[in-house]
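Residue numbers (my numbering), protein chains in the order written: chain Y, -19 to 319; chain W, -19 to 319.
Protein chains: 2
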Amino acid sequence: MKRPTIADIASRAGVSKVAVSYALNGQPGVSEATRARIVAIADEIGWRPNSAARALNGARANCVGLALCRPARILGVEPFFMELISGIEGVLADRSYALLLQVVTSHQQESEVYRHWWGESRIDGVFLVDLHYDDSRVAELERLGMPAVVIGHPSQSGSLSAIWSEEGEAVRETVGYLVALGHRRIARVAGLPELVHTTVRDQAFRQACEGVAEHVIVHTDYTGEEGARATRRLLSSPDRPTAIVYDNDIMAVAGLSVAQEMRVEVPRDLSIVAWDDSPLAQVVRPPLTALTRDIPAYGAHAAQRLLALIAGEDVPPYEDQAAILTPRGSTGPAPSGTQ
Amino acid sequence: MKRPTIADIASRAGVSKVAVSYALNGQPGVSEATRARIVAIADEIGWRPNSAARALNGARANCVGLALCRPARILGVEPFFMELISGIEGVLADRSYALLLQVVTSHQQESEVYRHWWGESRIDGVFLVDLHYDDSRVAELERLGMPAVVIGHPSQSGSLSAIWSEEGEAVRETVGYLVALGHRRIARVAGLPELVHTTVRDQAFRQACEGVAEHVIVHTDYTGEEGARATRRLLSSPDRPTAIVYDNDIMAVAGLSVAQEMRVEVPRDLSIVAWDDSPLAQVVRPPLTALTRDIPAYGAHAAQRLLALIAGEDVPPYEDQAAILTPRGSTGPAPSGTQ
DNA sequence: TATGGAGGGTTATCCGGTTCAGAGAGGGAG
DNA sequence: CTCCCTCTCTGAACCGGATAACCCTCCATA
């Protein structure tokens, strides 16, 4: 079954291809009567514009790209990306934009993917996630001149348009809450140190603790194993922390398990906070106090900005809502002996 | 910066567009010397074939689609899909194929996405996942005549090519293992009952238990909350099971928490098995005995078959490797009093 | 020396839709 | 009645490649 083209519609309606094109695109140049007739025929035979043919003229592919550079094992357990994607797509679908997805293993490979996509005119723009310092991908995208929205801190996004959520506020809220509960030794089990948002959180954490609590930061690769190992080390030290803030939920769960294994009771002996809420944080015992964000909304905002950028509009940096603390059973008053 | 076309290369090389086309596609019709010259120029100026222009001729979009029909919240915590995608892409990338992803909320919407993609010639084929009984999407894809690989049981895939993993064997292995440990009352906390693989597992579970153990099946929507609720009900019944097999890892973790909450010790009083292994299963205490599969490989096989189908080859149904049981700390001998 | 064929290259056309420059028809103003 | 303008529509060119058909040259062979 051959797909219908505007030529088919034209011959049925007894007009030229051009009239059909105008009619279906809402352009002036055809009478309302003719337009209605053409639209009716198009509907009837189920015509859809051939995206390749369209792209060949206007250079618009009606498609944007997203490359994820993390091992599949980690991507799988990080609810963040799927939620982000679903938020992005809510916006794209409304405008008939598609999303091209690619999982890569290095920044070099990711840049290559961008070059391919752009060179082949497959996409009109991209989202850049997991921003690093001196990120080579930023330079590559600038070089290509491809519309791009960086989902990450604007300090490192170069000339690209950025959208980010203020991490400092969330850190301060968390530390303030823990200090109010009497905690004076707080640890942070952070993610990959080369990610910008890790460092931003690190700094905010140090500042927030300054003068009110001892603090220690351990960096990991976001996996449960490293989260567990870090927790084991922290809880084994003579002046062990009474509260630990984890950079994702899987590490927080791993930490919780380690604590139970070491007979450190949560929240009596140890308080635990997870960054980014998820169903996972709620099914363990005790349920985890978490920093909650509306990630689909974050993705939706990013998508709106990318589409605006593609449309040639000017898109200033945009600070999205900060995460807010959702207290649950994993946090409580500091053990009295340790203050 | 305008993207270079074969016309640019042609004028630089002093030949016609056709010669360039032949040279760059490895077709006969140009001398090796000319070919080398053309290829060198193409490399130098960073030429890449415009995918739209190519698609406009051959009808090949060099792109395949995947639509996921589950709420974002569940997609996020299910490592399955991300691992599947990463496996799929390993194969696609080698052949310069891209993957179009869309998250939808209903089968009707999913069919619509297929019609759009196909009507717009955006994709050459699709993967169909989460097969239902009397699945309307199968009929839709057959009607469209679009190459499709069903990742699911062939009994319901109609004329579409299917790839699936034998669930029966995994169920038998699990039940056999639990029975060998002395368990005589085994529960299964299953996923959505309308999914084919749920029913297949249900049947295999009943058969495997037949005559050797009492059994009960509870259906859920895969969320941790329902997994917890099901567990609570099971453990509250007078003749509570001594082993529970969960259809995914998040429910297994939720079940583990409920057990601990109810002072049912795992594995002393209750054994727990999770279907589909993941980092999550390994970070909780005790680590979960799980049914392990190589999901990326599964995705890779599916991708190979879809590409073969698109190339016009005949693709018979294919049974992939069954999951194998990985015993960990969450399973042990049945409590002696209950036999 | 005529002939056939391979090798190397070109021209013309097509894919499906967009866009530009006009061409007729019809109507209002002068 | 003529002039000009607007409205509606059309032919042709174009986007970037693929492909069918054909042409020229050179060399080997009968």
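The C-beta atom is built at its ideal place from N, Cα and C for all residues, glycine as well.
Computed from a prediction, not measured in an experiment: that's the story for all the values here.
- In its chain, beyond the 5 residues on either side, 143 have a beta carbon closer than 6 Å to the beta carbon of residue 298(W).
- Take the alpha-carbon of residue 304(W) and the one of residue 122(Y): they are about 48 Å apart.
- In the structure shown, residue 77(Y) adopts coil according to DSSP, grouped into three states.
- Interface with chain Y (9 Å Cβ-Cβ cutoff): residue 272(W) is excluded.
- With respect to chain W, the C-beta atom of residue 203(Y) has a partner C-beta closer than 9 Å.
- Judged by DSSP secondary structure, residue 182(Y) falls within the alpha helix (DSSP H) whose first and last residues are 176 to 189.
- For the region 236 to 259 of chain W, the residues whose beta carbon sits under 7 Å from a beta carbon of chain Y are, in order, 237, 240, 241, 258, 259.
- Annotation for residue 289(Y): 105, 127, 128, 129, 141, 295 place their beta carbon closer than 8 Å to its own, counting only its chain and skipping 5 residues before and after.
- Shown here for residue 278(Y): same chain residues with a beta carbon closer than 7 Å to its own, the five before and five after excluded, namely 64, 67, 145, 300 in chain order.
- In this structure, the beta-carbon distance from residue 230(W) to residue 203(W) falls below 9 Å.
- The beta carbon of residue 66(Y) falls within 9 Å of a beta carbon belonging to chain W, placing the residue at that interface.
- If you check the CB distance, residue 49(Y) and residue 31(Y) do not come in under 9 Å.
- Taken residue by residue, none of the region 146 to 177 of chain W has a beta-carbon sitting less than 8 Å from a beta-carbon on chain Y.
- Under the Cβ criterion (8 Å, minimum of three pairs), the region 94 to 101 of chain Y counts as touching the region 109 to 124 of chain Y.
- Assignment of residue 4(W) by DSSP, reduced to helix, strand and coil, places it in the helix class.
- Residue 179(Y) and residue 228(Y) have their C-alpha atoms some 15 Å from each other.
- Looking at the DSSP output, residue 46(W) bridges to 81(W), 107(W).
- At a C-beta separation below 9 Å, residue 82(W) has these neighbours in chain Y: 69, 72, 73, 78, 79.
- Assigned with DSSP and collapsed to three states, residue 255(Y) falls in strand.
- Where residue 154(W) is concerned, the enclosing alpha helix (DSSP H) starts and stops at 147 to 160.
- In this structure, DSSP gives residue 112(Y) an extended state, which the three-state scheme calls strand.
- Within chain Y, 259 have C-beta atoms less than 7 Å from the C-beta of residue 53(W), given in sequence order.
- A direct Cα-Cα distance of roughly 15 Å separates residue 266(W) from residue 226(W).
- A Cβ-Cβ contact shorter than 9 Å links residue 79(Y) with residue 46(Y).
- Per DSSP, the continuous beta strand (DSSP E) segment holding residue 272(Y) begins and ends at 269 to 272.
- Only buried fits residue 136(Y), as 16 or more other CB atoms lie within 10 angstroms of its CB.
- Ranked by Cα distance from residue 218(W), the first of 184(W), 165(W), 5(W), 35(W) is 165(W).
- Using a 10 angstroms sphere on the CB of residue 18(Y), the tally of other CB atoms reaches 16 or more, which defines it as buried.
- By the neighbour-count criterion, in which 16 or more other beta carbons inside 10 Å mark a residue as buried, residue 41(Y) falls on the buried side.
- Residue environment for residue 103(W): buried (at least 16 other C-beta atoms within 10 angstroms of its C-beta).
- Look at residue 101(W): its C-beta is under 9 Å from a C-beta on chain Y.
- Distances from the CA of residue 216(W) to each of 232(W), 200(W), 239(W) were compared; the closest alpha carbon is that of 239(W).
- For the options 302(W), 282(W), 311(W), the alpha carbon positioned closest to that of residue 72(W) is the one of 282(W).
- Only those residues of the region 1 to 25 of chain Y whose C-beta falls short of 8 Å from the nearest C-beta of chain W would be listed, and there are none.
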